[in-house]
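Undergrad: Sharing a structure here in structure tokens format.
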Amino acid sequence: MKVLAAVKRVIDYNVKIRVKPDNSDVDLTNVKMALNPFCEIAVEEAVRLKEKGVASEIVAVTVGPKAAQEQLRTALALGADRAIHVETDERVESLGAAKALARLVEEEQPGLVILGKQAIDTDNNQTGQMLAALTGLPQGTFASEVKVEGETLQVTREIDGGLQTVELSLPAIVTTDLRLNEPRYAKLPDIMKAKKKPMDVKSPAELGIEVASKVKLLKVEPPAERQGGVKVGSVDELVDKLKNEAKVIS
Amino acid sequence: MHFDFTEDELAFQDAARRVSADVLKANAARYDDTRDFCAESLRALGELGFWSMNLPSEYGGVDISSIGMSLAVEEIAYHCAATCSSLTAHFLATDSVLVGGTEEQKQALLPQCATGEKLGAFALTEPGAGSNPAEMRTKAVRCEQGWHITGTKHYITNGAFADFLVVYAKTDEDLGHRGISAFLVDRDTAGLAFSQPEKTLGLRGSHIYEIGIDCVVPESVLLGKEGAGFATAMEVLDRGRVEVAAMSVGISRAAYDDTLAWSQERVVSGKPLCRHQGIQWMLAEMHTQLEAAKLVTYKAAAARDSGQRFSLESAVAKLFASEAAAKVTDQAVQIHGGYGYIGDLPIERYYRDARITRIFEGTSEIQKIIIGRAITA
Amino acid sequence: MSILVLAEHHDGALAGATAHVVAAAQQIGGDIDVLVAGEGVSAIAEAAARLGGVSKVRVADHAAYAHLLAEPTAALIAELAGDYSHVLATASTTGKNVLPRVAALKDVAQISEIIAVESADTFKRPIYAGNAIATVQSEDALKVITVRATGFDAVGESGSASIEAVDFVADNTQSTFVKEALAQSDRPELGAAKVVISGGRGMGSGDNFTLLEGIADKLGAAIGASRAAVDAGFVPNDMQVGQTGKIVAPDLYIAVGISGAIQHLAGMKDSKVIVAINKDEEAPIFQVADYGLVADLFEAVPELEQQL
Chain A
1 MKVLAAVKRV IDYNVKIRVK PDNSDVDLTN VKMALNPFCE IAVEEAVRLK EKGVASEIVA
61 VTVGPKAAQE QLRTALALGA DRAIHVETDE RVESLGAAKA LARLVEEEQP GLVILGKQAI
121 DTDNNQTGQM LAALTGLPQG TFASEVKVEG ETLQVTREID GGLQTVELSL PAIVTTDLRL
181 NEPRYAKLPD IMKAKKKPMD VKSPAELGIE VASKVKLLKV EPPAERQGGV KVGSVDELVD
241 KLKNEAKVIS
Chain B
1 MHFDFTEDEL AFQDAARRVS ADVLKANAAR YDDTRDFCAE SLRALGELGF WSMNLPSEYG
61 GVDISSIGMS LAVEEIAYHC AATCSSLTAH FLATDSVLVG GTEEQKQALL PQCATGEKLG
121 AFALTEPGAG SNPAEMRTKA VRCEQGWHIT GTKHYITNGA FADFLVVYAK TDEDLGHRGI
181 SAFLVDRDTA GLAFSQPEKT LGLRGSHIYE IGIDCVVPES VLLGKEGAGF ATAMEVLDRG
241 RVEVAAMSVG ISRAAYDDTL AWSQERVVSG KPLCRHQGIQ WMLAEMHTQL EAAKLVTYKA
301 AAARDSGQRF SLESAVAKLF ASEAAAKVTD QAVQIHGGYG YIGDLPIERY YRDARITRIF
361 EGTSEIQKII IGRAITA
Chain C
1 MSILVLAEHH DGALAGATAH VVAAAQQIGG DIDVLVAGEG VSAIAEAAAR LGGVSKVRVA
61 DHAAYAHLLA EPTAALIAEL AGDYSHVLAT ASTTGKNVLP RVAALKDVAQ ISEIIAVESA
121 DTFKRPIYAG NAIATVQSED ALKVITVRAT GFDAVGESGS ASIEAVDFVA DNTQSTFVKE
181 ALAQSDRPEL GAAKVVISGG RGMGSGDNFT LLEGIADKLG AAIGASRAAV DAGFVPNDMQ
241 VGQTGKIVAP DLYIAVGISG AIQHLAGMKD SKVIVAINKD EEAPIFQVAD YGLVADLFEA
301 VPELEQQL
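Chains as they are written, first to last, in the UniProt record's numbering: chain A, 1 to 250; chain B, 1 to 377; chain C, 1 to 308.
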């Protein structure tokens with residue numbers, strides 16, 4: 001079975017973000033970028049499926065600027081066999097990315113597509129679900145366990161308050177939650193070998209789609225500063241404030 | 001001159017950052033606190049190939065540039081300087097083999113050092129011979145089974161944890177430094193007596209030992225040619241100083257980043273510290289020291305790959321970056337005030353860890369001698 | 001304008017979050033219909049009909065919608081969406097699972113987790129894990145939106161909407177429900193708890209953490225710790241809140257004997273309400289606390305437990 005693993009280039013999760021002074025967006029100038037952590041889990045799951053003999057080939061795919069090839073290379077170092085880069089400098093959001101991925105699914109005919117459940121920049125949590133809609137495939141989102149059983153896929157999903165297990169026909173779309181696996185680190189020799197693995201570059205136009213977002217980003221602001229609060233004189237007063245002012249206890 | 005890193009260099013930096021931010025960072029405070037050897041962190045680096053960074057691919061290395069290696073060393077030091085010190089000590093040992101060993105010795109040993117199976121130690125310094133190795137007393141005398149080595153080495157990083165030691169000893173006392181040879185001594189050789197790890201100010205997870213030596217080793221462990229030890233050691237130290245510079249940059253950057261963040265959060269007299277001009281000046285000095293230290297380090301790394309002599313560049317980098325680390329970590333403590341002095345935050349650890357960088361692999365004064373001689377030659 | 005709100009429900013009851021989403025719909029303005037999809041959901045539909053501001057409750061009561069699997073539920077909403085300018089759902093795992101699929105079926109964008117309505121097409125939403133707030137405007141004719149419930153005050157139960165059945169039955173051969181295992185733990189997980197009470201070095205020992213348990217039991221809180229407390233060996237690593245531990249953002253965070261080292265603050269400063277109990281008046285934790293109590297924790301904590 002061929003597995004497609006979709007990845008996104010995002011700000012490194014350790015970096016503290018700054019909003020641009022003109023409030024047009026978050027300032028990404030000279031900021032360390034990395035593979036989105038949920039996408040790393042997606043690649044890891046694909047690699048584990050290959051190690052178990054379930055997956056035969058792993059294709060890492062991304063939609064984004066030229067620099068996103070760095071992240072594809074990381075995916076190749078982690079164990080993907082080849083990569084496809086849909087190159088665009090547009091501000092791509094979930095629907096555009098899903099449309100590009102849908103075309104790649106059409107071309108590649110994978111048995112399974114694994115994506116991160118969300119990117120830590122826009123926090124949309126949409127692309128996998130949208131890809132499932134566009135390809136007419138079933139979806140197993142927020143997966144904490146994935147088992148291929150013959151022609152079907154059992155996905156355990158992290159839902160509010162617990163876990164839900166669903167059975168999907170294959171091919172299917174899966175999005176990863178944090179507990180699905182703990183991704184390995186790339187080994188230095190594999191990083192060097194990754195350079196030699198094939199990487200295809202395509203444009204959205206070649207795929208016959210438009211990827212630019214139809215949601216306008218009007219303004220980005222830092223969250224309201226937390227103001228230091230008040231000192232209370234006693235436990236009585238504290239309980240009173242929590243009940244009647246903050247209303248966080250009853 | 002161009003200032004862009006290659007794709008490979010950035011990939012190495014990224015790989016080092018990842019494992020360091022997770023594994024090394026999680027262990028760093030504990031190592032410092034308990035003085036346990038940084039075995040777990042060192043092993044994690046070994047499994048991922050970081051022990052091989054100084055080696056070409058024919059000996060199991062990865063053919064990364066020295067700049068790429070320095071970027072990785074910097075990331076490792078950023079999260080755990082102790083682990084970084086043990087790793088760079090391993091590089092001194094394997095560099096010794098790479099520079100001074102026979103082809104057979106390189107093939108036999110280096111691939112295992114690259115994969116993390118064998119850890120090395122570099123045994124040059126002696127109680128009576130620190131800055132000037134030519135004054136060493138350890139000697140190796142030919143005997144029936146090969147060589148009989150006797151003497152005492154101290155401040156030997158990795159010592160008892162290493163699988164092998166590169167022991168420098170005089171094979172001809174009349175020839176001065178030209179009478180020094182190096183030996184690959186297995187850690188389990190009878191006649192090696194390791195002290196308890198020294199109680200060090202910093203880098204507490206990276207143990208250093210005094211080693212009493214009275215052992216007989218076979219002829220085959222003589223590293224390369226008899227009498228070539230001093231030249232090997234000097235070239236190895238030239239190489240190693242680039243890594244000390246990178247390590248210093250890593251510690252400085254950690255102290256700087258933490259301090260900048262602290263100055264933005266900590267409110268004094270109604271405004272964040274960073275809005276007080278006096279503090280801004282201190283931050284500006286730290287930033288400038290750090291930036292300059294990076295540049296001399298990367299330049300020395302580039303010189304190291306050029307194939308030309310790079311003693312001057314590596315001494316400049318080591319001198320400047322280690323002195324910068326002292327200043328930056330000192331300012332970090334100062335800006336943190338009392339919080340910088342207690343163990344809740346890693347600031348005081350950075351301050352202690354940075355101190356050795358002005359001493360080991362040639363003190364700042366020795367670097368000035370090297371630089372002075374080079375520029376007046 | 002007309003708005004369709006997908007009702008959230010669990011164990012046969014309408015989830016409280018739905019009333020918050022209806023409130024968001026009111027801010028957008030227009031007729032508000034609530035869609036109750038599921039199997040055996042008539043009681044839920046009746047509860048939804050009582051929500052203030054709702055004109056009509058549409059009920060799709062069919063085995064196909066049991067467990068609100070994404071494939072049939074999205075197909076249902078897409079089928080109905082033609083009647084509406086907006087489709088809203090809670091930013092729950094159900095809403096997040098279903099609504100992007102609806103949006104793609106209708107070839108429109110989806111807007112996730114709004115926390116404020118600026119106008120009928122403009123919304124505020126957190127990005128970068130809440131470290132920035134984006135104002136976004138949708139150019140699509142149909143707006144498909146998930147709503148963060150805490151951003152809006154719930155509507156009351158003043159309504160009496162009409163209830164009508166939806167006949168459309170989505171065909172689904174692709175996915176089947178297998179099982180659900182809801183967490184049974186008495187103590188919620190640290191990362192997901194609505195209330196967190198954490199102890200720091202001031203606790204003095206691991207045994208003293210039992211002091212916090214009484215309060216945790218009463219408030220249904222998870223127990224956390226500062227790095228100092230973990231480093232001191234009082235409690236295990238997985239309890240650590242902070243930059244290097246778990247990042248939490250509960251409704252209520254109670255910091256006991258925690259000085260407020262920057263690395264700890266980084267892990268909890270997004271909590272809605274922060275309480276600090278510390279005997280050191282100068283402790284930096286008080287700079288972020290909404291309510292600070294300068295007191296000996298060994299006296300204040302038992303007293304607090306009693307009063308809850």
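Quick reminder that beta carbons are idealized off the backbone N, C-alpha and C, glycines included.
So with Cβ pairs under 8 angstroms, would you call C:Q240 a contact of chain A?
TA: No, no contact with chain A.
Undergrad: Identify which residue in B:E323, B:I279 and B:R355 has its Cα closest to the Cα of B:G337.
TA: For B:G337, the nearest C-alpha among the options comes from B:I279.
Undergrad: Nearest CA to the CA of A:A100: which residue from A:R179, A:L170, A:M130 and A:D123?
TA: Nearest of A:R179, A:L170, A:M130 and A:D123 to A:A100, Cα basis: A:M130.
Undergrad: So if DSSP puts B:R142 in a beta bridge, which residue, or which two residues, is it bridged to?
TA: Answer is B:W147, bridged to B:R142.
Undergrad: For C:I163, tell me which candidate among C:D296, C:A261 and C:A48 has the shortest Cα-Cα distance.
TA: Per the Cα distances, C:A48.
Undergrad: Once DSSP output is grouped into helix, strand and coil, what is the label at C:N278?
TA: In this structure, C:N278 counts as strand in the three-state DSSP scheme.
Undergrad: By the DSSP assignment, the alpha helix (DSSP H) with A:P189 in it spans what residues?
TA: Segment L188 to A194, the alpha helix (DSSP H) holding A:P189.
Undergrad: Return the Cβ separation of C:I32 and C:V54 in integer angstroms, given the expectation that the two are a contact with Cβ distance under 8 angstroms.
TA: With 8 angstroms as the limit, C:I32 and C:V54 qualify as a contact, their Cβ atoms being about 5 angstroms apart.
Undergrad: In the DSSP output, which residue or residues are listed as bridge partners for residue 322 of chain C?
TA: In the structure displayed, chain C extends from 1 to 308; residue 322 of chain C sits before or after that span and is not available.
Undergrad: Looking at B:E117 and the ligand SAM, is the gap between the Cβ and the nearest heavy atom below 7 angstroms?
TA: Questions concerning the ligand SAM fall outside what the structure shown contains, since it holds no ligand whatsoever.
Undergrad: Would you please verify whether the beta carbon of A:M192 is less than 8 angstroms from any beta carbon of chain B?
TA: Yes, its Cβ sits closer than 8 angstroms to a Cβ of chain B.
Undergrad: From this set, B:T102, B:G130, B:A254 and B:E210, which residue's C-alpha is nearest B:A228's C-alpha?
TA: When only C-alpha atoms are compared, the closest one is B:T102.
Undergrad: Where does the unbroken beta strand (DSSP E) through C:R125 begin, and where does it stop?
TA: Note, C:R125: beta strand (DSSP E), T122 to I127.
Undergrad: Check whether the Cβ atoms of C:F177 and C:H67 lie closer than 8 angstroms to each other.
TA: Their beta carbons are under 8 angstroms apart, which means C:F177 touches C:H67 by this criterion.
Undergrad: Using DSSP's beta-bridge definition, name the partner residues of A:G140.
TA: A:G140 pairs with A:V174.
Undergrad: Going along chain B, which residues have a C-beta under 8 angstroms from A:K216?
TA: Under the 8 angstroms cutoff, chain B gives no residues; its nearest Cβ is about 31 angstroms from A:K216.
Undergrad: Taking 8 angstroms as the cut-off, does the segment 201–221 of chain C touch the segment 85–100 of chain C (at least 3 CB pairs, one atom from each stretch)?
TA: No, the segment 85–100 of chain C does not touch the segment 201–221 of chain C.
Undergrad: DSSP state of B:L87, grouped into three classes?
TA: In this structure, B:L87 counts as helix in the three-state DSSP scheme.
Undergrad: Name the chain B residues that come within less than 8 angstroms of C:L265, Cβ to Cβ?
TA: Within chain B, the residues near C:L265 are E265.
Undergrad: A:A34 and A:I114: beta carbons closer than 8 angstroms?
TA: No, the Cβ-Cβ distance between A:A34 and A:I114 is not below 8 angstroms.
Undergrad: Which of the three DSSP states is assigned to C:Q174 in this structure?
TA: Correct three-state label for C:Q174: coil.
Undergrad: Using only CA atoms, which one of A:E93, A:E245, A:K216 and A:S203 lies nearest to A:R103?
TA: Looking at the Cα atoms, A:S203 is the closest of the given residues.
Undergrad: Have a look at B:A231, B:G362, B:K106 and B:A284 and flag the residue whose alpha-carbon is nearest the alpha-carbon of B:S263.
TA: With distances taken between Cα atoms, B:S263 lies closest to B:A284.
Undergrad: Using 8 angstroms as the cut-off, can you tell me whether the segment 68–86 of chain B makes contact with the segment 137–156 of chain B, which would need three or more C-beta pairs spanning the two stretches below that distance?
TA: No, the segment 68–86 of chain B is not in contact with the segment 137–156 of chain B.
Undergrad: For B:I208 versus B:I251, is the C-beta spacing smaller than 8 angstroms?
TA: Against a cut-off of 8 angstroms, the Cβ pair of B:I251 and B:I208 comes out as no contact.
Undergrad: So what's C:E305 in DSSP terms, helix, strand or just coil?
TA: Three-state result, C:E305: helix.
Undergrad: What beta strand (DSSP E) runs, 3 residues minimum, are completely inside the segment 77–164 of chain C?
TA: As far as the segment 77–164 of chain C is concerned, its whole beta strand (DSSP E) runs of at least 3 residues are 86–90, 110–114, 116–119, 122–127, 132–138 and 143–147.
Undergrad: For A:P204, which three-state DSSP category applies?
TA: Helix.
Undergrad: With distances taken between CB atoms, is the gap from A:V148 to A:V54 smaller than 8 angstroms?
TA: A contact, by the Cβ cut-off of 8 angstroms.
Undergrad: Could you check whether A:L218 and C:Q137 sit closer than 8 angstroms to each other, using their CB atoms as the reference points?
TA: Contact: yes.
Undergrad: Measure the C-alpha to C-alpha separation of A:G116 and B:N54 and round it to an integer number of angstroms.
TA: Cα to Cα, the separation comes out at about 36 angstroms.
Undergrad: Output needed for B:L366: all residues of its chain with C-beta closer than 7 angstroms, excluding positions within five of it in sequence on either side, in chain order.
TA: A quick correction: the sequence has Ile, not Leu, at residue 366 of chain B. S131.
Undergrad: List, in chain order, every chain C residue whose beta-carbon is nearer than 9 angstroms to that of B:A261.
TA: Within chain C, the residues near B:A261 are I262 and A266.
Undergrad: How long is the line joining the alpha carbons of B:E9 and A:V105, rounded to whole angstroms?
TA: About 33 angstroms.
Undergrad: When the Cα atoms are used, what is the spatial distance from B:D188 to B:C215?
TA: Going by the C-alpha atoms only, they are around 11 angstroms apart.
Undergrad: Would you mind sorting C:R187 into buried or exposed? The rule is 16 or more other CB atoms within 10 Å of its CB.
TA: It is exposed - the Cβ of C:R187 has fewer than 16 other Cβ atoms within 10 Å.
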